[in-house]
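Novice:
There are 2 protein chains.
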Amino acid sequence: MARIAYRMQIMSEHTLGSSHVPLRDLVTDEIRQRILTGLLPPGERLVEDRLAEDLGVSRNPVREAIRVLATEGLVEVAPRRGAAVARPRPAHAEELFDIRMALEGLAARLAARRRDGAALARLRTVLDDQRDADQVGAVADLNTRFHTEVAAASGNEHLHQLVGPLLRRAQWVFLQTAYTRAGESLTEHERIYAAIAAGDEESAQALAVAHVAAARRSYLSHVAAQPAT
Amino acid sequence: MARIAYRMQIMSEHTLGSSHVPLRDLVTDEIRQRILTGLLPPGERLVEDRLAEDLGVSRNPVREAIRVLATEGLVEVAPRRGAAVARPRPAHAEELFDIRMALEGLAARLAARRRDGAALARLRTVLDDQRDADQVGAVADLNTRFHTEVAAASGNEHLHQLVGPLLRRAQWVFLQTAYTRAGESLTEHERIYAAIAAGDEESAQALAVAHVAAARRSYLSHVAAQPAT
DNA sequence: GCAACGGCTTCTGTATACAGGATCCAAGTG
DNA sequence: CACTTGGATCCTGTATACAGAAGCCGTTGC
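As given, the protein sequences belong to chains E and S, one line each in that order.
Residue numbers are given in my numbering: position 205 of the first sequence equals residue 205, and the series is strictly consecutive.
Residue numbers are given in my numbering: position 202 of the second sequence equals residue 431, and the series is strictly consecutive.
(1) Mind checking if E:ARG177 is an interface residue toward chain S, Cβ cutoff 8 Å exclusive?
(2) Considering only the alpha carbon of each residue, which of S:VAL306, S:ARG353, S:LEU255 and S:ALA362 lies closest to S:ALA423?
(3) Anything in chain S within Cβ reach of E:PRO41, meaning under 9 Å, just list it in chain order.
(4) At the 8 Å Cβ level, is E:ARG115 part of the contact set with chain S, yes or no?
(5) Could you name each continuous alpha helix (DSSP H) segment of 4 residues or more that falls completely within the region 124–188 of chain E, going from the start of the chain to the end?
(6) Is S:THR300 near the ligand MG, judged by its Cβ being under 7 Å from some heavy atom?
(7) Here's a check: name, in chain order, each residue in its chain whose Cβ is nearer than 7 Å to the Cβ of S:GLN400, leaving out the five neighbours to either side.
(8) Would a C-beta distance cut-off of 8 Å place E:ALA119 and E:ALA152 closer than the cut-off?
(9) Using the three-state DSSP reduction, which class does S:ARG293 fall into: helix, strand or coil?
(10) So E:ARG32 and E:LEU96 are supposed to be a Cβ contact under 8 Å. How far apart are they, rounded?
(11) Using a cut-off of 9 Å between C-beta atoms, extract the partners of E:HIS20 located in chain S.
(12) How would you list, in chain order, the residues of chain E whose beta-carbon sits under 7 Å from the beta-carbon of S:GLU301?
(13) What residue does the alpha helix (DSSP H) around S:VAL441 start on, and which one ends it?
(14) I'd like the ranges of any alpha helix (DSSP H) spanning at least 4 consecutive residues and lying wholly in the region 16–90 of chain E.
(15) Use the C-beta contact count for S:ALA322: other C-beta atoms within 10 angstroms, 16 or more gives buried, fewer gives exposed.
(16) Could you give the DSSP three-state label for S:ARG351: helix, strand or coil?
(17) Go ahead and pull the three-state DSSP assignment for S:ARG329.
(18) Among the residues of its own chain, which have a CB less than 7 Å from the CB of E:HIS211, if the five just before and after it don't count?
(19) At least one CB of chain E closer than 8 Å to the CB of S:ALA331: is that the case?
(20) Are the Cβ atoms of E:VAL27 and E:LEU46 separated by less than 8 Å?
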């Protein structure tokens with residue numbers, strides 16, 4: 001309750017009272033964040049009343065948020081039995097990697113073709129932040145952020161819209177296995193950035209695909225070494 | 230109103246009273262269908278009260294349906310100003326083609342790798358239906374259906390889940406330009422099917438990509454010849 | 001004649017209310 | 001001892017209610 005109310009406050013101050021972000025959106029973000037950070041673990045039931053009371057709102061915004069999160073794939077709903085945080089199965093991680101290679105490769109290529117100045121600047125900023133980051137949570141967020149920005153830099157709105165949820169799910173799956181790969185990630189990101197900035201479509205795509213493929217290999221050996229928790 | 234109630238009836242009979250499909254899902258399907266068939270044209274405002282009365286339900290299921298359709302990208306919502314059927318911009322069509330080439334290429338490859346018997350049988354059925362279809366609406370639906378089934382045959386759940394909405398949007402954009410490409414489509418589908426059935430990953434992917442690329446070229450020349458309606 | 005202002009209408013955002021299915025526990029029965 | 005059965009409880013699905021923002025329209029002042 002306090003939390004949402006607080007953020008609402010911040011929002012309205014920040015936007016000079018113009019925008020009036022609907023509660024439902026704040027609720028959606030909040031629940032998503034709780035899932036992504038592991039505060040709501042996989043399998044946890046999302047009881048509408050409890051969430052509503054916890055966030056200090058009525059059930060309606062919570063319900064709408066749950067529908068949205070369900071179409072994003074973060075929660076699973078069973079009719080008349082309610083929603084629960086989705087349980088990522090091992091196969092899901094592999095599936096995600098396949099898709100990410102295809103889409104992020106495309107995104108990098110399009111970004112290189114486009115070479116949009118503002119987008120490149122944002123990428124540069126993320127990379128600098130990534131270099132300075134040291135907290136585990138921040139590292140993961142910035143990693144996701146970089147990939148998101150590449151998708152944005154592609155100029156393909158749909159692609160950006162698709163990659164967003166995909167990356168969130170990937171980050172979440174990683175979270176479940178307490179796995180990161182910070183060092184290599186940064187240098188590979190730098191290479192991808194360089195290729196995009198140089199307008200080298202071919203390299204950009206190849207590097208992006210290789211980057212995801214490397215993450216996949218690393219991830220697979222990680223889960224193999226440390227099986228089901 | 231009658232419509233939804235009727236479908237509810239059918240549903241509950243069909244499933245022997247076990248499933249009890251929530252109204253919200255029926256409402257979602259109904260509105261989506263109305264958008265996809267053009268009954269609700271782009272830009273049309275989705276006034277909750279009117280939809281609710283029209284479908285014989287209250288506003289809540291309608292609201293939840295709108296949120297879902299919004300995350301699918303079929304409707305656009307402006308805070309405090311309500312939802313409207315999305316307006317596809319020309320650039321969107323191109324964006325969709327890029328993404329479809331990447332994802333459907335991947336899907337065809339994975340399907341060829343997998344060669345699942347049941348999935349192949351479903352594909353075969355769709356192709357046979359497609360050969361017999363003659364009504365414009367049916368042709369478009371079956372075309373979409375084939376692509377969806379390929380995604381399903383990939384065995385990659387996420388991919389299937391991603392490609393579904395994508396195809397719906399593509400079909401819808403096509404609808405706006407009153408464009409189809411039935412003949413070529415069928416023969417190309419047959420080739421893709423053959424490659425998948427033969428387990429030829431490389432060909433399957435190449436053919437799928439070429440198929441979408443051909444559709445793109447054809448579409449672009451079509452809209453060039455017959456500009457903005 | 002035109003622009004600013006104020007009230008009205010419409011619609012969204014949010015809360016509350018109520019009905020009925022799902023689940024669980026306990027007691028009874030074979 | 002396992003298995004069913006009845007009821008109580010929890011929770012979802014759906015409807016209704018109400019407050020306040022956005023847009024519209026007529027009016028008023030210049």
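Glycine included, C-beta positions come from ideal geometry on N, C-alpha and C.
None of the values given here were measured: they were computed from a predicted structure.
Specialist: By the coordinates alone:
(1) Reading off the sequence shown, one finds Thr at residue 177 of chain E, where the question assumed Arg. Nearest CB-CB separation between E:THR177 and chain S: not below the 8 Å threshold.
(2) For S:ALA423, the closest alpha carbon among the candidates S:VAL306, S:ARG353, S:LEU255 and S:ALA362 is that of S:ARG353.
(3) Neighbours of E:PRO41 on chain S: none; closest Cβ ~21 Å, over 9 Å.
(4) Closer than 8 Å: no.
(5) With a minimum length of 4 residues, the continuous alpha helix (DSSP H) runs that stay inside the region 124–188 of chain E are 136–153 and 157–176.
(6) Although the ligand MG was asked about, the structure shown includes no ligands whatsoever.
(7) Close CB contacts of S:GLN400 within its chain, under the 7 Å cut and outside five residues either way in sequence, are with LEU265, ALA369 and THR373 (chain order).
(8) Taking 8 Å as the Cβ cut-off, E:ALA119 and E:ALA152 qualify as a contacting pair.
(9) Looking at the sequence shown, residue 293 of chain S is not Arg but Glu. Taken through DSSP and simplified to helix, strand or coil, S:GLU293 comes out as helix.
(10) With a Cβ gap of about 17 Å, E:ARG32 and E:LEU96 do not count as contacting.
(11) The answer, in chain order, is PRO308 and ARG309.
(12) Per Cβ cutoff of 7 Å: THR71.
(13) Counting along the chain, the alpha helix (DSSP H) containing S:VAL441 begins and ends at 430–454.
(14) Within the region 16–90 of chain E, the alpha helix (DSSP H) runs of at least 4 residues that lie entirely inside it are, in chain order, 23–36, 48–55 and 59–72.
(15) Per the 10 Å Cβ criterion, buried.
(16) Reduced to three states, the DSSP call for S:ARG351 is helix.
(17) If DSSP states are grouped into helix, strand and coil, S:ARG329 belongs with the helices.
(18) So the qualifying residues of the chain are GLU188 and ILE192.
(19) Yes, S:ALA331 counts as interfacial toward chain E.
(20) No, Cβ-Cβ distance for E:VAL27 and E:LEU46 is not below 8 Å.
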